[in-house]
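Numbering-wise, the sequence shown is residues 18 to 226 according to our numbering.
We put the beta carbon where it would ideally sit given N, CA and C, even for glycine.
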Amino acid sequence: MKNVTIFDHPLIQHKLSILRDKNTSSKDFRELVSEIAMLMCYETTRDLPLEDVEIETPICKTTVKHLAGKKLAIVPILRAGLGMVDGVSRMIPSARIGHIGLYRDEKTMQPVEYFCKLPKDIDKRDVILVDPMLATGGSGIDAVNLIKQRNPRSIRFMCLIAAPEGIAAFSKAHPDVPIFCAALDEKLNENCYIVPGLGDAGDRIFGTK
Ligand code: PRP
Ligand code: URA
């Protein structure tokens, strides 16, 4: 799994454990998703290029490092991906935000597209695609297909929990897109939910069940 990074940071693991608990309220769930996304952003952006910039401190002139270009786009997969946007955008406030609306058909488990609005200049940007769950991989694969049609500079996929089946399908479809996740779980159940997982991420974020 050379394209997959799994975060073992204790803060991320602790927050994820609370997230999995069925007794965690929607309010706490939303806050935790945002916090974990913020922490994951630190490592997900490790390879962003820097450039030298001349500044003057109160003491002397010096050369410091700035992010080169700062051309990023955050793209959540609706609905649940919305919960990760705030955490990432707080770390990268200059990033543009696109939206891709997909839901899994309850019978076929295939993703159905209902919305796609991406930044006009996405061809000049590095994209961070965000969605808490990578289950069968169908939604992530389709979202990347939509983004690739606009020729972005690069794409990386950030999720909270992945299933082995989803990682395999996604990596096969998009071997060029690195996956960053907070946990790799055991399997999918007969309804294609991640086991042990955290349940339905969208419903838990928005309190719709
Ligand atoms: C969830 C999740 C992913 C998708 C993952 O969304 O947020 O987008 O399922 O499953 P997959 O890897 O098998 O495609 P869902 O379809 O429940 O929509 P929602 O976020 O609007 O509730
Ligand atoms: N979508 C979810 O929200 N949870 C899962 O476990 C699988 C897909």
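* **Reduced DSSP secondary structure (H/G/I, E/B, other) of L33** => helix
* What does the shell around ligand 1 hold, if a residue joins when its beta-carbon is under 7 Å from any heavy atom? -> I94, L95, R96, A97, G98, L119, Y120, R121, M126, P128, D148, P149, M150, L151, A152, T153, G154, G155, S156, G157, G183, C209, D217, A218, G219 and D220
* Bridge partners - Y120, DSSP secondary structure assignment -> V129
* To do: Note the first and the last residue of the continuous alpha helix (DSSP H) segment covering P181.
  => P181 to A190
* To do: Indicate the three-state DSSP secondary structure (helix, strand or coil) for R221 in the structure shown.
  => helix
* How about the segment 99-112 and the segment 151-162: do they share at least three Cβ pairs that are nearer than 8 Å? -> no
* Beta-ladder partner(s) of S171, from DSSP -> D143
* To do: Go through its chain and collect everything with a Cβ distance to I113's Cβ below 6 Å, but skip five positions before and after it.
  => According to the sequence as given, residue 113 is Arg; it is not Ile. Here the set comprises A90 and P136.
* To do: Could you pull the start and end residues of the alpha helix (DSSP H) that K56 belongs to?
  => For clarity, residue 56 is Leu in the given sequence; the question names Lys instead. Segment S43 to T61, the alpha helix (DSSP H) holding L56.
* **Option nearest V50 by Cα separation, candidates I139, L177, P181 and I172** => L177
* To do: Tell me whether G100 counts as near ligand 2, meaning its Cβ is closer than 7 Å to at least one heavy atom of that ligand.
  => no
* Are the segment 193-202 and the segment 18-27 touching by the rule of at least three beta carbon pairs closer than 8 Å? -> yes
* Distance between R107 and G118 (C-alpha atoms, nearest Å) -> 22 Å
* Provide the residue(s) that pair with L67 in DSSP beta bridges, ordered along the chain. => L84
* Asked: Helix, strand or coil: which one does DSSP assign to K204?
  -> strand
* Would you grab the beta carbon distance between E52 and K32 for me? Rounded to a whole angstrom, and I think it's under 8 Å. => 6 Å
* To do: Whole angstroms is fine: what's the gap from G183's alpha carbon to E123's?
  => 17 Å
* **Span of the alpha helix (DSSP H), counted from its first residue to its last, around V194** => It is not in any alpha helix (DSSP H) - V194 carries neither H nor E in the DSSP assignment.
* **Contact the segment 205-222 vs the segment 157-176: 3+ CB pairs below 8 Å** => no
* So what does DSSP say about R95, is it helix, strand or coil? -> For the record, residue 95 in the displayed sequence is Leu; it is not Arg. L95: strand per DSSP, three-state reduction.
* Closest Cα partner of P213 within the set F223, L201, D220 and P66 -> L201
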